[in-house]
Amino acid sequence: MKNARLRDMPTFIQTTDPDDIMVNINIKQCEDDAPRAAGIILNTFDDLEHEALQAILSRLPNTYTVGPISPLVHCIPKSDPIASIGSNLWKEDTGCMEWLDKQAAGSVVYVNYGSITTMTAEQLLEFAWGLAFSRHPFFWVLRGDVVKGSGAVLPKEFLEEIEGRGVIVGWCNQEDVLAHPAIGGYLSHCGWNSTIESIYEGVPMICWPFFAEQPTNCKYLCNQWGMGIEVGGNVKRDEVEAVARELMEGEKGKEMRKRAREWKDKARAAINVGGSSYRNLEKLAEQMNQIKRN
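See the structure below:
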């Protein structure tokens, strides 16, 4: 990763101590454990992380990039029992799509911090008023436990301010929302599932990384893939408003949407017949059959 800062690294190895326990656990996993595996399966595609993947393949040749994985679920016939299996931690609001259907194309900011990210009550208010002051419609997924130690309570004056142009729900089907033509941007914690799903749908992102690999994903989105813009960790309403406006109506936002469309095309090409992920999935299936026969 070029020009990386310490804060761009995954949070569990954000240290300058070479003897840090988590650093050494990761080194052991990469140098000792991973080579013993019959194969390594990654939910990414070759064009997206070419340099990193070349470095991995030089040490672990049986590495298979088969992503984006989530669209492959739609290839399962609805009559198949597997099709009913889901992994949501929260109950979906199924009526929210009707509101999106009434919005103009590319006009809505989608906001979702994932299933486990938390914040302070002050940060929640800064996000809320920043979105309100941006004057752009927004679709906000707000879990009841998103605020540390209390419920996600928003003031009456905020709810009055956003009436008619903001919708708040407890959870949703993210893939359906990101695929909706009304969505013009995504304010996200930058978890990998959210990142790869946004890339697949060509939706540029406002990045607020929280922990784990999210800072690294943010770095790539903003500096390498050109489809992200970052919000500072302290969260100030003026900054939230500014980045939302920049994404939805600014020159940088136009360039981000252009780059997002380009990555969307590459992601879809990867899983189409003959694409890199399609071929890798075939190779993976062949290797698994070989292992089974042996």
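Count along the sequence shown from 1, add 50, and you get the number used in my numbering.
In this text, a Cβ means the ideal position worked out from N, Cα and C, and glycines have one as well.
> Start and end of the alpha helix (DSSP H) containing W149?
Replying inline: As a working note, residue 149 is residue 99 in the sequence shown. 146-151 is the span of the alpha helix (DSSP H), which, as asked, contains W149.
> Pick from G117, P85, E99: whose alpha carbon is nearest that of L271?
Replying inline: In the sequence shown, counting from the first residue as 1, residue 271 sits at position 221. The residue with the shortest Cα to Cα distance from L271 is E99.
> If we count the other Cβ atoms within 10 Å of its Cβ and call it buried at 16 or more, is E336 buried or exposed?
Replying inline: Numbered from its first residue, the sequence shown carries residue 336 at position 286. Looking at its Cβ environment, which holds fewer than 16 other Cβ atoms inside 10 Å, E336 is exposed.
> Just reading off the alpha helix (DSSP H) that T245 is part of, what are its end residues?
Replying inline: Start at 1 with the first residue of the sequence shown, and residue 245 comes out as number 195. From DSSP, the alpha helix (DSSP H) with T245 extends over 242-251.
> What is the residue span of the beta strand (DSSP E) that F62 lies within?
Replying inline: Mapped onto the sequence shown, residue 62 falls at position 12. From DSSP, F62 is part of no beta strand (DSSP E); its letter is neither H nor E.
>> Whole angstroms are fine: how far does the CA of N344 sit from the CA of K269?
In response: Against the sequence shown, residue 269 aligns to sequence position 219. Against the sequence shown, residue 344 aligns to sequence position 294. Approximately 43 angstroms, taken between the alpha carbons.
> Per DSSP, what kind of secondary structure is F208 in: helix, strand or coil?
Replying inline: Counting from one through the sequence shown, the residue named residue 208 turns up at place 158. In the structure shown, F208 sits in a helix (DSSP, three-state: H, G or I).
>> With H, G and I counted as helix, E and B as strand and the rest as coil, what does DSSP make of W275?
In response: Within the sequence shown, numbered from 1, the residue matching residue 275 stands at position 225. It is coil, neither helix nor strand.
>> Using the three-state DSSP reduction, which class does W166 fall into: helix, strand or coil?
In response: Counting from one through the sequence shown, the residue named residue 166 turns up at place 116. This sequence places Ile at residue 166; Trp is not what is there. Of the three classes helix, strand and coil, the one that applies to I166 here is coil, per DSSP.
> Helix or strand or just coil, what does DSSP make of F261?
Replying inline: Here residue 261 refers to the residue found at position 211 of the sequence shown. Coil.
>> Can you look up G199 in the DSSP assignment and give me helix, strand or coil?
In response: The count along the sequence shown starts at 1 and reaches residue 199 at position 149. The answer is coil: DSSP assigns G199 none of H, G, I, E or B.
> Is it right to say T144 is buried, meaning 16 or more other beta carbons lie within 10 angstroms of its own, or is it exposed?
Replying inline: For the purposes of this step, residue 144 is identified with residue 94 of the sequence shown, where counting begins at 1. By the neighbour-count rule (16 or more Cβ atoms within 10 Å), T144 is not buried but exposed.
> Should R109 be labelled buried (16 or more other beta-carbon atoms within 10 Å of its own) or exposed?
Replying inline: Position 59 of the sequence shown, counted from the first residue, corresponds to residue 109. Exposed.
> So D226 packs on M147, CB below 8 angstroms; how close in whole Å?
Replying inline: Position 176 of the sequence shown holds residue 226. Position 97 of the sequence shown holds residue 147. The Cβ separation is near 7 angstroms, so the contact holds.
> With N93 and I119 assumed to form a contact (beta carbons below 8 angstroms), what rounded beta-carbon distance in angstroms separates them?
Replying inline: Here residue 93 is taken as the residue at index 43 of the sequence shown, counted from 1. Here residue 119 is taken as the residue at index 69 of the sequence shown, counted from 1. Correct: roughly 5 angstroms between the Cβ atoms.
> Would a C-beta distance cut-off of 8 angstroms place I246 and I279 closer than the cut-off?
Replying inline: For the purposes of this step, residue 246 is taken as residue 196 along the sequence shown, with counting starting at 1. For the purposes of this step, residue 279 is taken as residue 229 along the sequence shown, with counting starting at 1. No, the pair does not count as a contact, with Cβ atoms beyond the cut-off.
> Nearest to S326 by alpha carbon, out of V281, D96, G216?
Replying inline: Start at 1 with the first residue of the sequence shown, and residue 326 comes out as number 276. Of the listed residues, the one whose Cα sits closest to S326 is D96.
>> I'd like the list of long-range same chain contacts for G241, defined as Cβ closer than 7 angstroms, with 5 residues on each side in sequence excluded.
In response: Sequence index remark: in the sequence shown, residue 241 carries index 191 (1-based). Cβ within range, chain order: G164, Q264.
> Start and end of the beta strand (DSSP E) containing S238?
Replying inline: By 1-based counting over the sequence shown, the position of residue 238 is 188. 233-238 is the span of the beta strand (DSSP E), which, as asked, contains S238.
> Taking just the CA atoms, how far does G220 sit from R193?
Replying inline: By one-based count along the sequence shown, residue 193 stands at place 143. By one-based count along the sequence shown, residue 220 stands at place 170. Using only the alpha carbons, I get a separation of about 5 angstroms.
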